[in-house]
Structure formats: C-alpha cells, structure tokens
Amino acid sequence: MVVTLIMEACMRRVIARAALVIGLVGVGWSIGRAQIPEPDFQILVDAPGGETAVHCVRGCNLQFHMDAGNPRNTPQEAFSFACNGGTPRCSAKINGFLRR
Numbered sequence: 183m184v185v186t187l188i189m190e191a192c193m194r195r196v197i198a199r200a201a202l203v204i205g206l207v208g209v210g211w212s213i214g215r216a217q218i219p220e221p222d223f224q225i226l227v228d229a230p231g232g233e234t235a236v237h238c239v240r241g242c243n244l245q246f247h248m249d250a251g252n253p254r255n256t257p258q259e260a261f262s263f264a265c266n267g268g269t270p271r272c273s274a275k276i277n278g279f280l281r282r
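For what it's worth, the numbering used here labels the leading residue of the sequence shown as 183, then goes sequentially.
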C-alpha cells in the first residue's frame, strides 16, 4: 500500500515535469517562430522610368523593403519594380537575405 502511494506520487511528479518541459519548449518555439528575420543587407536602386529588374546572381534572395514582415511575401532571387506617371527616374529600396 505504501509502495503504491510512493509510486503514484513519483508518477505524478514525472508527468508534471514532462508537461512543464513540453509547455516551455512550445513557448520557446512560438517565440522563435514569431520573430521576423532582419535583412542581411539593403540596396538602393536608382533607375530610369519604366520597368527595372534586379537579380541576385549567387547566394542571396531579394525582397521589396515595404514587404518585410509580410508572411505571404517571401524573398526571391529576382525582383522588379516599375515607375509610373512618366517620371524620368525612380528608386526603390530592396532588402537582401543571404542564403544559408
């Protein structure tokens, strides 16, 4: 009888510790997942009016700086932008991410 009570108490402690560990791992994972990656570099492109294409040649991805933090807009190898309204020149900031 006493041995059974001691074993039940030990099992409760083990289950409580396992639940605590699982909960802490879940909280840590969600905090780490919620962080938005900062770009490794940012470039400014000044181009004549019309369509301008920017390509990452090797080891990086590009993203328009206003799309940072948008989970539906992932960085890509190529990026393009266009100036409207007949302006002679326009510019765009582009975030760059190194591929690891």
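For each residue, glycine too, the CB sits at the ideal point set by N, CA and C.
Inset, instruction - Quick one: residues in its chain with C-beta nearer than 7 Å to the C-beta of Val284, no 5 flanking neighbours on either side, listed in chain order? - result: Residue 284 lies beyond the stretch modelled for the chain, which goes from 183 to 282, so this question has no answer here.
Inset, instruction - Could you name the residues of the same chain whose beta carbon sits closer than 6 Å to that of Ala264, not counting the 5 residues immediately before and after it, in chain order? - result: So the list reads Glu233, once near-sequence residues are dropped.
Inset, instruction - Determine the burial state of Phe261: buried for a count of at least 16 other Cβ atoms within 10 Å of its Cβ, exposed for fewer. - result: Result: buried.
Legend entry - Residue range of the unbroken beta strand (DSSP E) whose run includes Asp228: Run containing Asp228: Phe223 to Pro230, per the beta strand (DSSP E) assignment.
Inset, instruction - Would you mind reading off the limits of the beta strand (DSSP E) that contains Arg271? - result: Taken as a continuous stretch (DSSP letters only), the beta strand (DSSP E) holding Arg271 covers Arg271 to Leu280.
Legend entry - Residues bridged to Leu244 [DSSP beta-bridge criterion]: Answer is Gln258 and Gly278, bridged to Leu244.
Legend entry - Residue from Gly231, Arg254, Gly278 and Leu244 with nearest C-alpha to Gly267: Of the residues Gly231, Arg254, Gly278 and Leu244, the one whose Cα lies closest to the Cα of Gly267 is Gly231.
Inset, instruction - State yes or no: is the C-beta of Gly278 within less than 8 Å of the C-beta of Pro221? - result: Taking 8 Å as the Cβ cut-off, Gly278 and Pro221 qualify as a contacting pair.
Inset, instruction - Could you give the DSSP three-state label for Glu220: helix, strand or coil? - result: Looking at Glu220 - three-state DSSP - the assignment turns out to be coil, as it is neither helix nor strand.
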